[in-house]
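Engineer:
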DNA sequence: TTGACCCTACGAAACTCTTCGTATTATCGT
DNA sequence: ACGATAATACGAAGAGTTTCGTAGGGTCAA
């Protein structure tokens, strides 16, 4: 019995992203959206959603025959959790280290650098604003 | 048969971090270092190192009776891989998004903000320097 | 040489993740 | 009411992760 919100696995995250993007959806809707990018069977998605329900990653509305699922937690909260997890596990909590390796790993456009600078500015001055 | 360097699991990463910090080490050395933070048995560490050897995450020197293990890949490369992985999987490749959620997830000192700004500067101007 | 000790090797067990196949049930048109 | 369709429920299988217990062999001191 765990009371802390569970961390989604890789496939679960894909499903969560669909739910975040589309809002409450049926299994078939999630499946169709998922199949635009990767192959997966109906019962596979269903099973995952059932497991995610027991983990309270998603909530299920059974009023209609085709149950409607929605994410329990806002996208921002889960993203923060996942980002914080990597931050701790691989970078010992150092945001600079994380940033350095992210930038080293890919080409970054001048626009994105500017965007990053803007984020730092707004964070340094007025505390923090809510992402997402 | 996979030719791409495998992604380490959570426990494997802990072991890799010991090897990065201490350099080539025996099972017992890794165990002692690990047990400062978390409980784990000798054969547990050994088994993990054996698995990591087959994954070519580590290399083994069998010349001495107590085999000596060392990481196959430099820390920077693995860190970049893990950072890039999260970047793609949860932030769709947007470094700004990632940064925003990292900053939102914890209090960040003024010093660290400055450090981040410096990283952006050096990245925008002279391309990139090697982390680690 | 014998015994204590340390190291590796091996395999089993418990657990999680993911996918499938099949059974059961509800809905709707005719 | 009947049959086709579509949804959920259930369970099993396969892979991977992690932990343990035990066995086998080398090393060294007394």
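Chains as they are written, first to last, in my numbering: chain A, 1 to 132; chain B, 1001 to 1132.
Heads up, the beta-carbon is just placed ideally off N, CA and C, and yes, glycines get one too.
Return the CA-CA distance between residue 1035 of chain B and residue 99 of chain A, expressed in angstroms with no decimal places.
Structural biologist: Looking up residue 1035 of chain B in the second chain gives position 35. Looking up residue 99 of chain A in the first chain gives position 99. So the alpha carbons of these two residues sit roughly 29 Å apart.
Engineer: Relative to the C-alpha of residue 13 of chain A, which residue among B:1102, B:1097 and B:1090 is closest?
Structural biologist: Residue 13 of chain A sits at position 13 when you count from the first residue of the first chain. Cα-wise, what sits closest to residue 13 of chain A is B:1090.
Engineer: Quick one: which residues of the segment 1098-1115 of chain B get their C-beta closer than 8 Å to a C-beta of chain A? List them in chain order.
Structural biologist: 1098, 1099, 1100, 1101, 1102, 1103, 1104, 1105, 1106, 1108, 1110, 1112, 1113 and 1115
Engineer: For my contact list, residue 123 of chain A and residue 1120 of chain B are in at a C-beta cut-off of 8 Å; report their separation, rounded to the angstrom.
Structural biologist: Within the first chain, residue 123 of chain A is the residue found at index 123, counting from 1. Within the second chain, residue 1120 of chain B is the residue found at index 120, counting from 1. Contact flag wrong, Cβ pair sits at about 13 Å.
Engineer: Return helix, strand or coil for residue 104 of chain A, following the three-state DSSP convention.
Structural biologist: Within the first chain, the letter at position 104 stands for residue 104 of chain A. Note: residue 104 of chain A maps to helix in three-state DSSP.
Engineer: Determine the closest residue to residue 1072 of chain B out of B:1010, B:1009 and B:1016, with distance taken between C-alpha atoms.
Structural biologist: Translated into the one-based positions of the second chain, residue 1072 of chain B becomes position 72. If we check each option's Cα against that of residue 1072 of chain B, B:1016 comes out closest.
Engineer: Taking the beta carbon of residue 42 of chain A as the centre, do at least 16 other beta carbons fall within 10 Å, making it buried, or is it exposed?
Structural biologist: In the first chain, counting from the first residue as 1, residue 42 of chain A sits at position 42. Classification for residue 42 of chain A: exposed.
Engineer: Comparing alpha-carbon positions, which option in A:116, A:86 and A:118 lies nearest residue 1010 of chain B?
Structural biologist: As a first step, residue 1010 of chain B is located in the second chain; it is residue number 10 there, counting from the start. Distance from the Cα of residue 1010 of chain B is smallest, within the candidate group A:116, A:86 and A:118, for A:86.
Engineer: For residue 1046 of chain B, tell me which candidate among B:1028, B:1038 and B:1056 has the shortest Cα-Cα distance.
Structural biologist: By 1-based counting over the second chain, the position of residue 1046 of chain B is 46. Among B:1028, B:1038 and B:1056, the Cα nearest to that of residue 1046 of chain B is on B:1028.
Engineer: Name the chain B residues that come within less than 7 Å of residue 96 of chain A, Cβ to Cβ?
Structural biologist: Residue 96 of chain A sits at position 96 when you count from the first residue of the first chain. What residue 96 of chain A touches in chain B: 1112, 1115, 1116 and 1119.
Engineer: Please tell me whether residue 1084 of chain B has its Cβ less than 8 Å away from any Cβ of chain A.
Structural biologist: The sequence position of residue 1084 of chain B within the second chain is 84, counting from 1. Closer than 8 Å: yes.
Engineer: With 16 other CB atoms within 10 Å as the buried threshold, where does residue 1039 of chain B fall?
Structural biologist: Here residue 1039 of chain B is taken as the residue at index 39 of the second chain, counted from 1. Exposed.
Engineer: Mind checking if residue 1021 of chain B is an interface residue toward chain A, Cβ cutoff 8 Å exclusive?
Structural biologist: Within the second chain, the letter at position 21 stands for residue 1021 of chain B. Cβ-Cβ to chain A under 8 Å: no for residue 1021 of chain B.
Engineer: For residue 1104 of chain B, is the beta carbon positioned less than 7 Å from some heavy atom of the ligand GTP?
Structural biologist: The ligand GTP is absent from the structure shown, which contains no ligands of any kind.
Engineer: Just to confirm my understanding: we take residue 1077 of chain B, look at its own chain, exclude 5 residues before and 5 after, and list those with CB closer than 6 Å. What are they?
Structural biologist: Mapped onto the second chain, residue 1077 of chain B falls at position 77. Cβ within range, chain order: n/a, list empty.
Engineer: Could you tell me which of B:1062, B:1068, B:1053 and B:1064 sits nearest to residue 1030 of chain B, measuring between CA atoms?
Structural biologist: Within the second chain, residue 1030 of chain B is the residue found at index 30, counting from 1. Of the listed residues, the one whose Cα sits closest to residue 1030 of chain B is B:1068.
Engineer: If we count the other Cβ atoms within 10 Å of its Cβ and call it buried at 16 or more, is residue 74 of chain A buried or exposed?
Structural biologist: Along the first chain, one-based indexing puts residue 74 of chain A at 74. By the neighbour-count rule (16 or more Cβ atoms within 10 Å), residue 74 of chain A is not buried but exposed.
Engineer: Write down the C-beta distance between residue 1088 of chain B and residue 1057 of chain B rounded to the nearest angstrom, noting that I regard them as a contact closer than 8 Å.
Structural biologist: Translated into the one-based positions of the second chain, residue 1088 of chain B becomes position 88. Translated into the one-based positions of the second chain, residue 1057 of chain B becomes position 57. Actually they do not touch by this definition, with Cβ atoms about 21 Å apart.
Engineer: So, helix, strand or coil for residue 1070 of chain B, using DSSP?
Structural biologist: Position 70 of the second chain, counted from the start, is the residue given in the question as residue 1070 of chain B. Looking at residue 1070 of chain B - three-state DSSP - the assignment turns out to be strand.
Engineer: What is the DSSP secondary structure of residue 1026 of chain B, counted as helix, strand or coil?
Structural biologist: Counted from its first residue, the second chain places residue 1026 of chain B at position 26. Residue state, collapsed to three classes: strand.
Engineer: What residue from B:1114, B:1096 and B:1105 has the CA that sits closest to residue 81 of chain A's CA?
Structural biologist: Taking the first residue of the first chain as 1, we reach residue 81 of chain A at position 81. Nearest in C-alpha terms to residue 81 of chain A, of all of B:1114, B:1096 and B:1105, is B:1105.
Engineer: Please state whether DSSP places residue 1059 of chain B in a helix, a strand or coil.
Structural biologist: To locate residue 1059 of chain B, count along the second chain from 1; it is residue 59. In the structure shown, residue 1059 of chain B sits in a strand (DSSP, three-state: E or B).
Engineer: Taking only the alpha-carbon atoms, compute the straight-line gap between residue 1053 of chain B and residue 1060 of chain B and give it to the nearest angstrom.
Structural biologist: On the second chain, residue 1053 of chain B is found 53 positions in, with the first residue counted as 1. On the second chain, residue 1060 of chain B is found 60 positions in, with the first residue counted as 1. Roughly 7 Å separates the two Cα atoms.
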